[in-house]
Amino acid sequence: MIIISVKIYNLDAIVLKSRDMREADKILTLFSLQRGKQRVVAHGVAKPKSTKRGAVQPFCYSSLLMHKGRDLDSISQAELKESFTELRNDLDRLAFAAQMAELADGFTEECEPNQAIFALLLSTLHVIAKGDAELALRFFEARLLALSGFLPELDSCSECGQPLKEAKVNFEQQLGGFVCRECISATGVKATFNRGSLEVLKTLYRWDLSKLHQLKVSDIIRKELKGLLRAYIEYHLEKRLKTAEFLDRLYKNKY
Numbered sequence: 115m116i117i118i119s120v121k122i123y124n125l126d127a128i129v130l131k132s133r134d135m136r137e138a139d140k141i142l143t144l145f146s147l148q149r150g151k152q153r154v155v156a157h158g159v160a161k162p163k164s165t166k167r168g169a170v171q172p173f174c175y176s177s178l179l180m181h182k183g184r185d186l187d188s189i190s191q192a193e194l195k196e197s198f199t200e201l202r203n204d205l206d207r208l209a210f211a212a213q214m215a216e217l218a219d220g221f222t223e224e225c226e227p228n229q230a231i232f233a234l235l236l237s238t239l240h241v242i243a244k245g246d247a248e249l250a251l252r253f254f255e256a257r258l259l260a261l262s263g264f265l266p267e268l269d270s271c272s273e274c275g276q277p278l279k280e281a282k283v284n285f286e287q288q289l290g291g292f293v294c295r296e297c298i299s300a301t302g303v304k305a306t307f308n309r310g311s312l313e314v315l316k317t318l319y320r321w322d323l324s325k326l327h328q329l330k331v332s333d334i335i336r337k338e339l340k341g342l343l344r345a346y347i348e349y350h351l352e353k354r355l356k357t358a359e360f361l362d363r364l365y366k367n368k369y
């Protein structure tokens, strides 16, 4: 029997992050349609004349020809599909894209393809580049939680199962949803939000991303959604979000 080892393969991938390896080499974290999250080597891409350089920058979407390696596979050829140049000209949008990349990295395992997460990444990058970047990030956070198996309970109390009717709602991370007024003392819930935050969160799960520009959200609800989703995400990741802390320092809780 003849065993054929395939050493060359193709990827349609989004670059999540990049770090220096040697003088001109970089290690990239990709999320591809075919293989999900994967660390690879890009040899010589820091050289000014590298033909691959423009296609392997963070948040680029590119078509890659890969070569299998002993430890990490390497990029042989790279063709840029979309560069999302608007991100590089706007610090806010760049920071939101970086947080989205950190979340995708944190909620996925190596070499586990997930077409839904890939589609979510790519479509949200488009909105972050040109639309309401902050609300697009909230959309991404909510949908990524659901795709990762952590969809919160939004219609009834996570403790007793009764419908949520109060003007103020309370969120309990450990129960994975909201808790009614009667159950607050029993659960020790302290995170209280306006009813509007719950309704906007429901909308993020009901609406397609293309309709996001129609959603009008006040500054108060935006801050509450940010706090709610961030706490729930950090609870499941069991760590603080570096990009979120950077935004806090940079804008003093503007976002």
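Under this note's numbering, the first residue of the sequence shown is numbered 115, with each subsequent residue one higher.
Beta carbons: idealized from backbone N, C-alpha and C, even for Gly.
As the structure is a prediction and not an experimental result, all values here were calculated from the model.
- Leaving aside the five residues that flank histidine 181 on each side, the residues in its chain whose CB is nearer than 7 Å to its CB run, in chain order, Lys121, Ile122, Asp187, Ser188 and Ser190.
- Out of Gln152, Leu361, Ala127 and Lys304, the CA that lies nearest to the CA of serine 197 is found in Ala127.
- Relative to arginine 257, the option among Ile231, Val241 and Asn284 whose CA is nearest is Ile231.
- Counting C-beta atoms within 10 angstroms of its own C-beta, glycine 291 has 16 or more neighbours from the protein chains shown and is therefore classed as buried.
- Distance from the Cα of serine 176 is smallest, within the candidate group Ser146, Gly220, Ser299 and His350, for Ser146.
- With respect to leucine 268, leucine 259 sits apart: the two C-beta atoms are not nearer than 9 Å.
- A buried status is given to threonine 143, since no fewer than 16 other beta-carbon atoms sit within 10 Å of its beta-carbon.
- Assignment of beta strand (DSSP E) within the stretch 300-349, counting only whole runs of 3 or more residues, yields 305-308 in chain order.
- Secondary-structure assignment with DSSP links alanine 215 through no beta bridge to anything.
- Bridge partners of aspartate 187 according to DSSP: Val154.
- Of the residues His157, Leu312 and Lys325, the one whose Cα lies closest to the Cα of lysine 279 is Leu312.
- Contact between valine 159 and lysine 166 holds: CB atoms are separated by about 5 Å, below the 8 Å threshold.
- By the CB criterion at 9 Å, glycine 150 and glutamate 224 fall inside the cutoff.
- For arginine 295, the three-state secondary structure derived from DSSP is helix.
- Per DSSP, the continuous alpha helix (DSSP H) segment holding phenylalanine 254 begins and ends at 247-261.
- Under the three-state reduction of DSSP, glutamate 273 is assigned to coil, being neither helix nor strand.
- The beta-bridge partner set that DSSP reports for isoleucine 122 consists of His181.
- Rounded to whole angstroms, proline 172 and arginine 295 show a C-alpha spacing of 45 Å.
- Exposure of threonine 199 is indicated by the presence of fewer than 16 other C-beta atoms within 10 angstroms of its C-beta.
- Judged by beta-carbon spacing, alanine 358 lies beyond the 9 Å limit of arginine 336, meaning their Cβ atoms are not closer than that value.
- Excluding residues up to 5 positions away in sequence, Ala345, Tyr346 and Tyr349 lie with their Cβ nearer than 7 Å to the Cβ of glutamine 287 in the same chain.
- For the pair leucine 201 and alanine 192, the CB atoms are not nearer than the 9 Å cut-off.
- Apart from sequence neighbours up to five positions away, the residues of its chain that approach lysine 316 with a beta-carbon distance below 7 Å are Leu268, ordered along the chain.
- Contact between leucine 130 and aspartate 219 holds, with the beta-carbon distance rounding to 6 Å and staying under 8 Å.
- Taken through DSSP and simplified to helix, strand or coil, threonine 143 comes out as strand.
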